[in-house]
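**Q** Handing you a structure now.
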Amino acid sequence: MNKGLKSLSKREYPGRVIILGKDKSGEKDVVIYAITGRSPSSQARKLELENDGIWVKPTDEEVLKKGNRDLLVYPAMVFYRGIVVSNGKQTIDIKASLGEGRDPAEILELALHNWDYEPDSPIFTPRISGCVLPQKTPALSIIRRGPDGSSIKNIYEILLEAGKGKMITTYAGENRDPLPSFSEEPVDIEIEDEKADDMAEAVYNALEPEQGKKDFRVAVACVFSSDVNSGEFEIYIINKHERMGR
C-alpha cells in the first residue's frame, strides 16, 4: 500500500476522485481522476483516451440506460492549453472559459457560475472540478448541496510542492444512504511514484476494498506532464478489465 494515499484508502466509497499534484522532482504536473460506482449503471463505464482528452464511456448501453446518461457519460479530462478535469459535463464549460491571462481559480469561478450540484435525489452528488495551466496556480472546485437546498460553491487554489498533492472526492467516504457529501478542505496526499502507470496502479490499489466488502472500483486515469501547454503527456488508464498507456 502506498502510505501517501492513506487518506484515500480509508474511504470505503469516495465516489469520484480528483487529485492535483507534482511528482517527486517537482518538474511534472500530476492529474488523476478516479471513478467508483455502486449502481450497475455507474459500474457499466470505462475511461477511454481520445485525441483531446479522456472520456467516460459506457461498457454496456442497456445497463447504462437504467441510470441518467447525462450524468454518467462525459469528458473527464480535456487537454487544451493545460488540463481540465471534472466529474461531469461542466468540463466543456471550463474548457470554453480558458482565456489568455486568466488563472485556474478565475476560470473555475467563471465557468461554474451557472452550475449546481447534480440532480440525482436524494444523493445530490457534488460536482468536482480542477484546472492546471502553465505557470499558474492550479485550482480545485466543489459544488455541493447546502441544508436549504442551495448550492455551496468552493474554489481552492492549490500551492503544490514536489511529491505532494491535494485531493477532493464527491462523497465523504462512508457507504451509507444517503451518501454524505465531501465537505472538507482538499486533502493532502503524497505522490510517491515517478511514472503515470505506477501512480495509477497505486491509486487503484488504494481503492481496493477491505476483505469481504464489495469492490466499487471502475477506473483510474493518471497524467504526468512536464509542460501542460505542449500536449506532451504521459498517460495511463486502468479500467476494470484492461490497462492502457500513451
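Quick note on numbering: this note's numbering labels position 96 of the sequence shown as 1549, and the sequence is numbered without any gaps. Even glycine gets a Cβ: it sits at the ideal position worked out from N, Cα and C. Computed from a predicted model, the values in this text were never measured in an experiment.
1. May I ask whether a heavy atom of the ligand ZN can be found less than 7 angstroms away from the beta carbon of Gln1588?
2. Got a sec, what are the start and stop residues for the alpha helix (DSSP H) Lys1459 sits in?
3. Are the region 1512-1530 and the region 1561-1568 touching by the rule of at least three beta carbon pairs closer than 8 angstroms?
4. In terms of alpha-carbon separation, which member of Ile1507, Thr1590, Gly1698 and Asn1692 lies closest to Ala1497?
5. Can you say whether Leu1500 is buried or exposed, counting buried as having 16 or more other CB atoms within 10 angstroms of its CB?
6. How would you call Arg1696, buried or exposed, if buried means at least 16 neighbouring beta carbons within 10 angstroms?
7. Grab the span of the beta strand (DSSP E) containing Glu1501 for me, first residue to last.
8. So, does the region 1645-1652 touch the region 1590-1601, judging by three or more C-beta pairs under 8 angstroms?
9. What are the residues that DSSP puts in a beta bridge with Ser1539?
10. Run the CB neighbour count on Ala1558, radius 10 Å, all protein chains shown included, and call it buried at 16 or more, exposed below.
11. Count the other C-beta atoms from every protein chain shown that fall within 10 angstroms of the C-beta of Leu1612, then say buried if there are 16 or more, exposed otherwise.
12. In terms of alpha-carbon separation, which member of Ile1560, Val1681, Val1516 and Ile1472 lies closest to Val1673?
13. Alpha carbon to alpha carbon, how far is Gly1474 from Asp1651?
14. Roughly how many whole angstroms lie between the Cα atoms of Ile1547 and Ile1576?
15. Any idea what DSSP makes of Ser1634, helix, strand or coil?
16. Look at the alpha carbon of Glu1571 and the alpha carbon of Arg1580, and state the distance between them as a whole number of angstroms.
17. How would you write the range of the alpha helix (DSSP H) that Gly1524 sits in, first residue to last?
18. Assuming Phe1532 and Gly1506 are in contact, meaning their beta carbons sit under 8 angstroms apart, how far apart are those beta carbons, in whole angstroms?
19. Could you name each continuous beta strand (DSSP E) segment of 3 residues or more that falls completely within the region 1469-1497, going from the start of the chain to the end?
20. For Lys1667, which option in Pro1639, Arg1464 and Ala1615 has the closest C-alpha, if you only look at C-alpha atoms?
21. Compare the beta carbon distance of Gly1626 and Pro1511 with 8 angstroms and say whether it is the shorter of the two.
22. In three-state terms, what does DSSP make of Lys1548?
23. Can you grab the Cα-Cα spacing for the pair Glu1661 / Asp1569, in whole Å?
**A** The relevant details are as follows:
1. Within the structure as shown, the ligand ZN is missing, as the structure has no ligands at all.
2. Lys1459 to Ser1462
3. no
4. Asn1692
5. buried
6. exposed
7. Arg1498 to Glu1503
8. In the pairwise beta carbon analysis, the region 1645-1652 is classified as not touching the region 1590-1601: fewer than three pairs are separated by under 8 angstroms.
9. Ser1582
10. buried
11. Exposed is the call here.
12. Ile1472
13. 15 angstroms
14. About 24 angstroms.
15. strand
16. 7 angstroms
17. Inspection of the sequence shows that residue 1524 is occupied by Leu rather than by Gly. Under the DSSP assignment, Leu1524 falls in the alpha helix (DSSP H) whose first and last residues are Arg1522 to Leu1525.
18. 5 angstroms
19. Fully enclosed beta strand (DSSP E) runs of 3 or longer: 1469-1475 and 1482-1489.
20. Arg1464
21. no
22. helix
23. For Glu1661 and Asp1569, the distance between alpha carbons rounds to 30 angstroms.
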